[in-house]
Amino acid sequence: MTPRPFSPPDAAPAANASNSATLSSPLAAARPAYRADIDGLRAFAVLSVVLYHAFPARLPGGFAGVDIFFVISGFLIGSILIAGIEQGSFRFSDFYARRVRRIFPALLLVLGASMLFGWFALFPDEYKMLGKHVLAGAGFVSNFFLWSEVGYFDTAAETKPLLHLWSLGIEEQFYIVWPVLMWCAWRRGVSVLKLALVVLVLSFAVNLAGVHKFSSATFYSPASRVWEMLFGTVLAYLSVHRIKLFVGARQPGHDGAGERTTLFDAGSARARDVASVVGMLLLVAALALLRADRHFPGGWALLPVLGATLLIAAGPQALCNRLLLSNRVAVWFGLISYPLYLWHWPLLSFARIVESGLPSARVRVCAVLAAVLLAWLTYRLVERPLRGASGGRIKVMVLSGAMLALVAVAAGIVAGKGWPQRASMAVNALQQKDLVIVEDKANAAACKQRYGFDSLYEYCLLDQPVRDPTVLLIGDSHAYHLVAGMTRYYRAQRENLWFLGTRVPFLGLPDGDDPYQKATPMMLKLALETPGIKTVIVSTAVKLHGENADGQSVMAAMRETVKQLLAAGREVILVYDLPMLDFDPRGCLRRPGVASSSTNVECAMLRATFDKNIAAHKQAWDAVLKDFPQVQVFDTAAPLCDAARCHAMIGSTLMYRDQHHFSYRGDLYMGELFARQQQARQRK
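In the UniProt record's numbering, the protein residues as written are 1 to 684.
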């Protein structure tokens, strides 16, 4: 989703600018001169990201702040590395020690605070997931971990309090690999500029090639993101070597001071101002034009990347840099940008978890203000005291030890399955178990191997792997959440249930870019051609139909699918979908460790809302059933709804694990109802 602003230790605040004196050699100093406008650019980026997360409809392109920070980081770290390596003053140990002193203090604080809050407020499944994310964040591999979570059983991004650490992972991976590549290139006499340009072009090509077919991989992989940082690194090379791309007539009495870190000499004021204005316009365009549902980064990322590059290249005296980015308010937000990014998302995410849905605007505003306050306190009381070089070795050892201790605690949370024995979790202990997805990974792996499935998007389960299947349940996650109950029934009937996971399980629907839908024809071919299959049960989420085709296309595809299944001698059972709740069912349970958490007392939605949502779907299915009266129907909504409301709980049983999936006990409950229906049918 979004990055975290990162302000390298070497880009010291104005108070330390005197430590960045320019050397008399042709190279600029290894420690770049402080630029207030870059802190202002950080402020622009972090506020864009924070406002996007708090009010996405107000600033839909705010996530582009990620890309701005990537360019800034590439420029500042590139300046340090290039000058240090070429002057012979660079030491890997010093570089990584500075990284620890800069990154660890605020990160430790936020990770620890998240685990502490989670102890009191999170259900075991949530706390276990938080522990995994803490481990990934502490190891700077959150991007890979989140990438691996994408798929059939992924949960909502808004309920992952450490989701934002993905960009920290990408940046740290860059800091680990790039210095080594640069040093090796320099030792072998290879131009650092040529190396950066080649890797930049290759990375951008990977980004363009994968953004449509492999959108998640392209979003999270450093291979498709490093080009953004290398824009800054190329700019750093030109800056360190004082290469001017724009030369104008020098003004009398102007010695060029302040232009050492730009691509413009002192006489190119107009070109410098134009670059500054164009850069700012590109950033504004990114905020206005980008949308979360567009393929990103892709070519769209050029808007913020080029905008940030032009602003940095223009230098501190350029028009927008001087008037907008260097003012005291912007600089102040820039100085606290790293802790502000770290704090804001956990606060917003925890608010959403506690409120069991989108918090009110008032709550979100309070969360943002709290993040600003915590960021300022973190900067003043934690970051600044630990950033300095004095006592550096001891600081690094203490910070590293603290991170290892935190990792040990997080590993304990994961191993302890979220520590359900916590006193705060004693209430509703049984219902909390219903919130966990019951997934048999070993069975799924064996099933995929048996049928030659080699893709993430081809999923199957087979109740008794040593036997051939006799009953097939096919569909999306709204079929999967019926597996346990139906398996129990068919096992008692000495049948063998086979589950095939796809999207909308009808023939002939357009698949677009949906890899699950692309797998559907192959899955349905198995349903038609696998010997021994007597019954095919079809279940799919109502909401998916509109994403794949219009109502007439769905009806035609459904009719053709049912027709072919019946012609193949299969008994066909269609499952009517459950109500999609307009509230989070976790709100039906108390979070006793959070005083402000309120329980949804009714734990129900209006029946009229459900009827409206399902009307077009039911009309299509009823039309098909009229043509094929031999097809059975299993209505999962009937036991949940009365004339006025549809309920998330039946008695003391929480039927849902989220807004549109049955809990494990809900699954078993539906299995019992299905068994009664089948038994009644057999008695007729």
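Beta carbons are placed, not taken as given, at the ideal position from N, Cα and C, and that holds for glycine.
Annotation: T487 to A444 spans about 15 angstroms, alpha carbon to alpha carbon. Per DSSP, the unbroken beta strand (DSSP E) holding F499 starts and ends at L497 to G501. For T233, the secondary structure class from DSSP, reduced to helix, strand or coil, is helix. R102 and I394 have their C-alpha atoms spaced approximately 14 angstroms apart. The segment 530-545 makes contact with the segment 556-575: 3 or more CB pairs, one atom from each, lie closer than 8 angstroms. Around the C-beta of E602, fewer than 16 other C-beta atoms lie within 10 Å, and the residue is accordingly described as exposed.
Three or more beta-carbon pairs separated by less than 8 angstroms are not found between the segment 113-133 and the segment 221-230, which leaves the two stretches without contact. Taking the C-beta atoms as reference points, A318 is found no nearer than 8 angstroms to L324. Nearest in C-alpha terms to V240, of all of Q679, P124, G78 and V274, is G78. The beta carbon of I170 is closer than 6 angstroms to those of N143, P222 and R225 in its chain, skipping five residues each way along the sequence. Contact check for P60 against A292 passes: the beta carbons are separated by less than 8 angstroms. Straight through space, the alpha carbons of G412 and L108 are spaced by roughly 17 angstroms.
Secondary structure of R657 (DSSP, three-state): strand. By a beta-carbon distance limit of 8 angstroms, L335 does not contact G307. Their separation comes to about 22 angstroms. Bounds of any alpha helix (DSSP H) do not take in I573; it lies within the beta strand (DSSP E) bounded by E571 to Y576. About 16 angstroms separates the Cβ atoms of L342 and V100, ruling out a contact at the 8 angstroms cut-off. The closest CA to that of D584, considering only A637, A608, K525 and L358, is found on L358.
Distance from the CA of K684 to the CA of P505, rounded to the nearest whole angstrom, comes to 30 angstroms. Per DSSP, D635 is one residue of the beta strand (DSSP E) stretching across Q632 to D635. Counting only runs of 4 or more residues that sit fully inside the segment 153-191, the alpha helix (DSSP H) segments are 166-187, in chain order. With respect to the 8 angstroms criterion, T653 and G671 are not classified as neighbours on the basis of their beta carbons. In the DSSP assignment, the residues bridged to S539 are G475.
By the neighbour-count criterion, in which 16 or more other beta carbons inside 10 Å mark a residue as buried, V134 falls on the buried side. Check the Cα spacing between L200 and each of V305, R294, V277 and D273: the tightest is with V305. With fewer than 16 other Cβ atoms from the protein chains shown falling within 10 Å of its own Cβ, S390 counts as exposed.
Secondary-structure assignment with DSSP links F662 through a beta bridge to Y656.
Within the same chain, Cβ atoms closer than 7 angstroms to the Cβ of A301 are found at D67 and E228, the five residues on either side in sequence being excluded.
Cβ contact annotation for P56 (same chain, cutoff 8 angstroms, sequence separation greater than five): G62 and A292, in chain order. Proximity to H481 across L162, G501, P465 and E149 peaks at G501, based on C-alpha coordinates. With the rule of 3 Cβ pairs closer than 8 angstroms, the segment 213-220 does not count as touching the segment 43-57.
In this structure, L581 lies near A648, with their beta-carbon atoms less than 8 angstroms apart. DSSP places H133 inside the alpha helix (DSSP H), whose first and last residues are P124 to A138. With respect to A43, S337 sits close: the two C-beta atoms are nearer than 8 angstroms.
In this structure, D125 is the residue among D514, M522 and D125 with its C-alpha nearest to the C-alpha of K417. Taking the C-beta atoms as reference points, L162 is found no nearer than 8 angstroms to G139. A check of alpha carbon separations from S148 across K132, V368 and C641 identifies K132 as the nearest.
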